[in-house]
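Report on one structure; see the data block that follows.
There are 2 protein chains.
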Amino acid sequence: MVSAERSMAVGKVYLVGAGPGDPELLTLKAVRAIGEADVVVYDRLVPSSILATIADGVLQINVGKQAAHHPVPQEEINEMLVRLARAGRTVVRLKGGDPFIFGRGSEEAAELDQAGIPYEVVPGITAAQGCAAAARMPLTHRGVASGVRYVTGHRKANEPLDLDWKSLADPDTTLVVYMGLANIAEIVRNLTAQGLPGTTPVLAVCQGTTAQESRICAPLEALPVALKDVSFSGPVLFIIGKVAGIALERSARSDAAICEAISVVA
Amino acid sequence: MVSAERSMAVGKVYLVGAGPGDPELLTLKAVRAIGEADVVVYDRLVPSSILATIADGVLQINVGKQAAHHPVPQEEINEMLVRLARAGRTVVRLKGGDPFIFGRGSEEAAELDQAGIPYEVVPGITAAQGCAAAARMPLTHRGVASGVRYVTGHRKANEPLDLDWKSLADPDTTLVVYMGLANIAEIVRNLTAQGLPGTTPVLAVCQGTTAQESRICAPLEALPVALKDVSFSGPVLFIIGKVAGIALERSARSDAAICEAISVVA
Chain A
1 MVSAERSMAV
11 GKVYLVGAGP
21 GDPELLTLKA
31 VRAIGEADVV
41 VYDRLVPSSI
51 LATIADGVLQ
61 INVGKQAAHH
71 PVPQEEINEM
81 LVRLARAGRT
91 VVRLKGGDPF
101 IFGRGSEEAA
111 ELDQAGIPYE
121 VVPGITAAQG
131 CAAAARMPLT
141 HRGVASGVRY
151 VTGHRKANEP
161 LDLDWKSLAD
171 PDTTLVVYMG
181 LANIAEIVRN
191 LTAQGLPGTT
201 PVLAVCQGTT
211 AQESRICAPL
221 EALPVALKDV
231 SFSGPVLFII
241 GKVAGIALER
251 SARSDAAICE
261 AISVVA
Chain B
1 MVSAERSMAV
11 GKVYLVGAGP
21 GDPELLTLKA
31 VRAIGEADVV
41 VYDRLVPSSI
51 LATIADGVLQ
61 INVGKQAAHH
71 PVPQEEINEM
81 LVRLARAGRT
91 VVRLKGGDPF
101 IFGRGSEEAA
111 ELDQAGIPYE
121 VVPGITAAQG
131 CAAAARMPLT
141 HRGVASGVRY
151 VTGHRKANEP
161 LDLDWKSLAD
171 PDTTLVVYMG
181 LANIAEIVRN
191 LTAQGLPGTT
201 PVLAVCQGTT
211 AQESRICAPL
221 EALPVALKDV
231 SFSGPVLFII
241 GKVAGIALER
251 SARSDAAICE
261 AISVVA
C-alpha cells in the first residue's frame with residue numbers, strides 16, 4: 001500500500017470562493033472545480049444551498065465553526081489539504097466569499113506552496129459586492145464615494161481593535177466592515193470620535209443574497225441602539241457611507257423595499 | 001403601432017458584471033441573464049471571448065471607448081437602456097468587472113429608477129480579485145495586510161488627482177489602483193512623500209486573467225522607470241503592498257513564474 005501510494009500522482013487543490021450565499025453567484029470556474037472534486041472541504045460560511053449542488057459520492061468535510069462545536073484549527077485544515085492532495089485526491093477547499101479577502105486562503109496557499117502541491121485559486125464574489133448588488137447600492141459613485149475599503153471588525157481575544165480610525169473616518173470612501181457585530185459600539189465610537197458624521201447612513205446586512213437576507217438601515221450614531229431591536233442570525237456586514245443613502249432613496253421609490261426595517265431612530 | 005407599443009409590457013434591464021476577463025469567471029447568474037437577453041449593451045472592457053458566448057440573433061451594441069472612436073456619452077447609454085426596456089426588450093448591460101465598483105453602473109441604475117424600469121444588478125469579480133487569484137497573491141493576510149482598498153487613478157481633464165494621500169500611504173492596507181497608468185508617477189510621488197516606504201512591492205497587471213495577461217513586479221520607487229520597459233496594451237491594475245511580496249516569494253518557488261518580468265531595478 002505504501003509503495004502504491006508513493007507511486008500515485010499527487011492531486012490538486014482548488015481554493016474556491018463560494019460567493020456571498022446565492023448559489024447563482026458561483027462562478028463557472030467554481031462550478032467546474034466542484035464538479036472535478038473527489039473531496040470538498042468547507043466551512044460554516046458556505047450555505048447548504050451550495051453544498052446541495054455537490055454530486056453524490058463526493059466526500060464532504062465540514063471544518064467550520066458552529067455554536068457548541070469547536071472548529072478545526074487552521075493548522076489542521078492546512079495539513080488536511082496537503083494530506084488529501086498527496087493521496088491523489090482532487091480537493092476543493094470551499095470558502096464563503098473570496099478566498100483572498102479575509103478568508104485565510106492565503107495561509108492555506110502558503111502551506112500548499114511549502115509542500116509543493118499544485119493548486120489554483122478561484123476568486124468569489126465577496127459579501128460587500130453581493131449585498132451591494134442586492135440592495136442596489138453602489139460601492140463607488142461619482143461625486144459620492146471615490147473608493148471603497150474592506151476591513152474586519154473581528155479581534156483576537158483580549159486585544160483591542162487594531163484599526164487606523166483616523167484614516168477610516170473618511171466621508172468620501174465607502175467603508176465595509178466584515179465580522180463587526182460584536183464590536184460595533186466600539187467601531188461607531190471610534191469613527192465618530194475621528195470626525196465621521198454621526199448622520200452617515202449605514203446598511204447592516206445578515207445572510208445577504210440568500211432567501212434569509214435581512215437588513216436594517218440607520219445613521220451611524222443610532223446603529224448600536226437600532227441593532228438591539230433586531231436578531232440577526234449569522235455574520236453581519238456593515239456598509240458605511242453616503243452610498244447607503246442612495247440605497248435608501250432607491251428603496252423609497254421601489255415597490256420592493258430595500259430595507260425590511262428602516263430604523264432611522266436618531 | 002403607437003398603441004401596440006403602449007400596450008407592450010415594459011422590459012427589464014440586468015446590470016451585469018462580466019468579471020475581469022476570463023469567461024469562466026462569469027457567475028451563473030450573469031450567464032443566465034445573458035441567455036435571457038434580447039439585447040446586450042457592452043463596453044470596451046468586456047473581452048471578445050465573453051462576447052463570443054452571446055447567442056446568435058441577440059443584438060449587440062458596442063458603446064465602449066476605443067482608440068480613434070468617441071465613446072457613447074454616459075447620458076446616451078442611460079437613455080438607450082430606458083428606451084430598449086420601454087420597447088419591451090430584455091436588456092443586459094454588460095460591464096467589465098463589477099458594475100458597482102468604478103463601473104458607473106450606479107448612474108445607470110439611477111436613470112432606471114427614475115424611469116420606473118425594473119432592473120436587477122448582477123455583481124462580478126472585480127479586477128483586483130481576478131488578478132490576485134491568478135498571481136496567488138492575497139488581498140488580505142493575517143499580520144501582513146489587515147484590509148484592502150480600491151481607488152481610481154483616473155482624473156478628469158485638467159484636474160488634479162483628488163485622493164487623500166496620507167490615508168492611502170498605509171503599509172498595513174493593500175492599496176489597489178484602477179486605471180492609474182497615466183498618472184502613476186504622480187501616485188508614486190505622493191505615496192512616498194506621505195511615508196509609504198519606497199521598497200513597498202507593487203504588482204502591475206494588464207489584461208489580468210486572460211491569455212494575454214502580463215505583469216511586472218517592482219518596488220514602489222522603481223515603478224515609473226520599470227514601466228518604461230514594458231508596453232502594456234489595455235488598462236493596468238496596480239496592487240501595492242506587502243502582499244505583492246508574498247506573490248514574489250511564491251513566484252520564486254513555483255515552476256510557473258508569477259511575474260513574466262520581475263523588474264527589481266531599484
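Protein chains in written order, with the UniProt record's numbering: chain A, 1 to 266; chain B, 1 to 266.
From the three backbone atoms N, C-alpha and C, an ideal C-beta is built for every residue, glycine too.
All of these numbers come straight from a predicted model, not from anything done at the bench.
**Prompt:** Whose C-beta lies closer than 8 angstroms to the C-beta of A182 (chain A) among residues of the same chain, with five residues either side of it excluded?
**Reply:** Residue 182 (chain A) sits at position 182 when you count from the first residue of the first sequence. G153, H154, listed in sequence order.
**Message:** Closest to D22 (chain B) by C-alpha separation, out of B:G198, B:Q212, B:E186, B:P224, would be which residue?
**Reply:** Start at 1 with the first residue of the second sequence, and residue 22 (chain B) comes out as number 22. Of the listed residues, the one whose Cα sits closest to D22 (chain B) is B:Q212.
**Message:** Is the beta carbon of A128 (chain A) closer than 9 angstroms to that of I216 (chain A)?
**Reply:** Here residue 216 (chain A) corresponds to residue number 216 of the first sequence, with the count starting at 1. Here residue 128 (chain A) corresponds to residue number 128 of the first sequence, with the count starting at 1. No, Cβ-Cβ distance for I216 (chain A) and A128 (chain A) is not below 9 angstroms.
**Message:** Counting beta carbon pairs with one atom in the stretch 7–20 of chain B and one in the stretch 107–124 of chain B, are three or more of them shorter than 8 angstroms?
**Reply:** Counting Cβ pairs under 8 angstroms, three or more are found: they touch.
**Prompt:** Which residues of chain B have a Cβ atom closer than 9 angstroms to the Cβ of A132 (chain A), listed in chain order?
**Reply:** Here the question's residue 132 (chain A) lines up with position 132 in the first sequence. Neighbours of A132 (chain A) across chain B, judged by C-beta separation under 9 angstroms: D98, F100, I101, V121, P123.
**Asked** At a CB-CB cut-off below 8 angstroms, which residues of chain A make contact with E107 (chain B)?
**Response** By 1-based counting over the second sequence, the position of residue 107 (chain B) is 107. The contacting residues are H141, R142.
**Prompt:** Tell me which same chain residues have a C-beta within less than 6 angstroms of the C-beta of V236 (chain B), skipping the five on either side of it?
**Reply:** Your numbering for residue 236 (chain B) matches position 236 in the second sequence. Only L181, A204, C206 meet the Cβ criterion.
**Request:** Give a yes or no on whether the C-beta atoms belonging to L168 (chain B) and N190 (chain B) are separated by under 9 angstroms.
**Result:** Along the second sequence, read from residue 1 onward, the residue named residue 168 (chain B) stands at position 168. Along the second sequence, read from residue 1 onward, the residue named residue 190 (chain B) stands at position 190. Going by C-beta atoms, L168 (chain B) is nearer than 9 angstroms to N190 (chain B).
**Request:** Go to K12 (chain A), then tell me how far its beta strand (DSSP E) extends in each direction, as first and last residue.
**Result:** The residue labelled residue 12 (chain A) in the question sits at position 12 within the first sequence. Unbroken beta strand (DSSP E) run through K12 (chain A): 12–17.
**Asked** Is the CB of P138 (chain A) under 9 angstroms away from at least one CB in chain B?
**Response** Position 138 of the first sequence holds residue 138 (chain A). Closer than 9 angstroms to some Cβ of chain B, the Cβ of P138 (chain A) qualifies, so yes.
**Prompt:** Unbroken beta strand (DSSP E) runs of length 3 or more, entirely within the stretch 149–192 of chain B: which are they?
**Reply:** 173–178
**Message:** Between Q212 (chain B) and chain A, is the shortest Cβ-Cβ distance under 9 angstroms, so that the two count as touching?
**Reply:** Looking up residue 212 (chain B) in the second sequence gives position 212. Answer no: the Cβ-Cβ gap between Q212 (chain B) and chain A never drops below 9 angstroms.
**Request:** Using a cut-off of 8 angstroms between C-beta atoms, extract the partners of E24 (chain B) located in chain A.
**Result:** Along the second sequence, read from residue 1 onward, the residue named residue 24 (chain B) stands at position 24. Result: T27, L28, K29, R32.
**Message:** Just to confirm the assignment: which complete alpha helix (DSSP H) runs, minimum length 4, are found wholly within the stretch 74–98 of chain A?
**Reply:** 74–86
**Item:** chain B contact residues for G35 (chain A), given Cβ-Cβ distances below 8 angstroms
**Value:** Here the question's residue 35 (chain A) lines up with position 35 in the first sequence. Within chain B, no residue comes near G35 (chain A); the closest Cβ sits about 12 angstroms away, beyond 8 angstroms.
**Item:** Residues in the stretch 158–169 of chain B having any Cβ partner in chain A nearer than 9 angstroms
**Value:** D162, L163, D164, K166, S167, L168
**Item:** Proximal chain B residues relative to T152 (chain A), where beta-carbon distance stays under 9 angstroms
**Value:** Against the first sequence, residue 152 (chain A) aligns to sequence position 152. Going along chain B in sequence order, the residues near T152 (chain A) (Cβ under 9 angstroms) are T140, S146, G147.
**Asked** Name the DSSP bridge partner or partners of F238 (chain A)?
**Response** Your numbering for residue 238 (chain A) matches position 238 in the first sequence. In the DSSP output, where bridge partners are listed per residue, F238 (chain A) has A:V177, A:A204.
**Prompt:** Helix, strand or coil for I101 (chain A) per DSSP?
**Reply:** Numbered from its first residue, the first sequence carries residue 101 (chain A) at position 101. I101 (chain A) falls in the coil class under three-state DSSP.
**Beta-carbon gap between I61 (chain A) and V31 (chain A) smaller than 9 angstroms** = As a working note, residue 61 (chain A) is residue 61 in the first sequence. As a working note, residue 31 (chain A) is residue 31 in the first sequence. No, they are not a contact pair.
**Request:** Return no unless some Cβ of chain B is closer than 9 angstroms to the Cβ of R215 (chain A).
**Result:** As a working note, residue 215 (chain A) is residue 215 in the first sequence. Proximity of R215 (chain A) to chain B, defined by a Cβ-Cβ separation below 9 angstroms, is not satisfied.
**Request:** Name, in chain order, the residues that DSSP records as bridge partners for P219 (chain A).
**Result:** Sequence index remark: in the first sequence, residue 219 (chain A) carries index 219 (1-based). For P219 (chain A), which the question treats as bridged, DSSP gives the partners A:P201.
**Item:** Close-in-space but distant-in-sequence residues of the same chain around E260 (chain A) (CB under 7 angstroms, 5 per side omitted)
**Value:** One-based indexing of the first sequence puts residue 260 (chain A) at position 260. For E260 (chain A), the pLDDT reaches just 49, beneath the cut-off of 50, and the residue's location in the model is therefore unreliable, leaving the point undetermined.
**Message:** Measuring straight from C-alpha to C-alpha, what distance separates G208 (chain B) and P20 (chain B)?
**Reply:** As a working note, residue 208 (chain B) is residue 208 in the second sequence. As a working note, residue 20 (chain B) is residue 20 in the second sequence. Their Cα atoms are separated by approximately 7 angstroms.
**Request:** Note down the Cα distance separating I34 (chain B) from A85 (chain A), rounded to an integer number of angstroms.
**Result:** Mapped onto the second sequence, residue 34 (chain B) falls at position 34. Mapped onto the first sequence, residue 85 (chain A) falls at position 85. Near 37 angstroms, if we compare the C-alpha coordinates of A85 (chain A) and I34 (chain B).
**Item:** Cross-chain neighbours of I246 (chain A) in chain B, by beta carbon under 9 angstroms
**Value:** Here the question's residue 246 (chain A) lines up with position 246 in the first sequence. The contacting residues are S106, A109, A110.
**Asked** At least one CB of chain A closer than 9 angstroms to the CB of V243 (chain B): is that the case?
**Response** For the purposes of this step, residue 243 (chain B) is identified with residue 243 of the second sequence, where counting begins at 1. Yes, V243 (chain B) counts as interfacial toward chain A.
**Prompt:** Since P123 (chain B) contacts A133 (chain A) with CB under 8 angstroms, what's their CB separation in whole angstroms?
**Reply:** By one-based count along the second sequence, residue 123 (chain B) stands at place 123. By one-based count along the first sequence, residue 133 (chain A) stands at place 133. Contact between P123 (chain B) and A133 (chain A) holds, with the beta-carbon distance rounding to 4 angstroms and staying under 8 angstroms.
**Asked** How close, in whole Å, do the beta carbons of A145 (chain B) and T173 (chain B) come, if the pair is a contact with beta carbons under 8 angstroms?
**Response** Taking the first residue of the second sequence as 1, we reach residue 145 (chain B) at position 145. Taking the first residue of the second sequence as 1, we reach residue 173 (chain B) at position 173. Between the beta-carbon of A145 (chain B) and that of T173 (chain B) there is about 6 angstroms, and that keeps the pair under the 8 angstroms contact cut.
**Prompt:** Taking just the CA atoms, how far does C131 (chain B) sit from V46 (chain B)?
**Reply:** Taking the first residue of the second sequence as 1, we reach residue 46 (chain B) at position 46. Taking the first residue of the second sequence as 1, we reach residue 131 (chain B) at position 131. The alpha-carbon atoms of V46 (chain B) and C131 (chain B) are separated by roughly 16 angstroms.
**Request:** Please confirm if G195 (chain B) has its CB atom under 9 angstroms from at least one CB of chain A.
**Result:** Translated into positions along the second sequence, residue 195 (chain B) becomes position 195. No, its Cβ sits nowhere closer than 9 angstroms to a Cβ of chain A.
**Prompt:** Name the chain A residues that come within less than 8 angstroms of Q207 (chain B), Cβ to Cβ?
**Reply:** Locating residue 207 (chain B) in the second sequence gives position 207, counting from the first residue. None at all; the shortest Cβ gap to chain A is about 16 angstroms.
**For V176 (chain A) and I187 (chain A), the rounded distance between their alpha carbons** = As a first step, residue 187 (chain A) must be located in the first sequence, where it is residue number 187. As a first step, residue 176 (chain A) must be located in the first sequence, where it is residue number 176. Roughly 12 angstroms between the two C-alpha positions.
**Message:** Using only the alpha-carbon positions, how far apart do T27 (chain B) and F102 (chain A) sit?
**Reply:** Counting from 1 along the second sequence, the entry for residue 27 (chain B) is found at position 27. Counting from 1 along the first sequence, the entry for residue 102 (chain A) is found at position 102. If I take the Cα positions, the gap works out to 21 angstroms.
**Prompt:** What does DSSP give as the partner residues of L59 (chain A) in its beta bridges?
**Reply:** For the purposes of this step, residue 59 (chain A) is taken as the residue at position 59 of the first sequence. BP columns for L59 (chain A) point to A:V39.
**Message:** Quick check: is the beta carbon of D172 (chain B) nearer than 9 angstroms to any beta carbon in chain A?
**Reply:** Taking the first residue of the second sequence as 1, we reach residue 172 (chain B) at position 172. True, the Cβ-Cβ gap to chain A drops below 9 angstroms.
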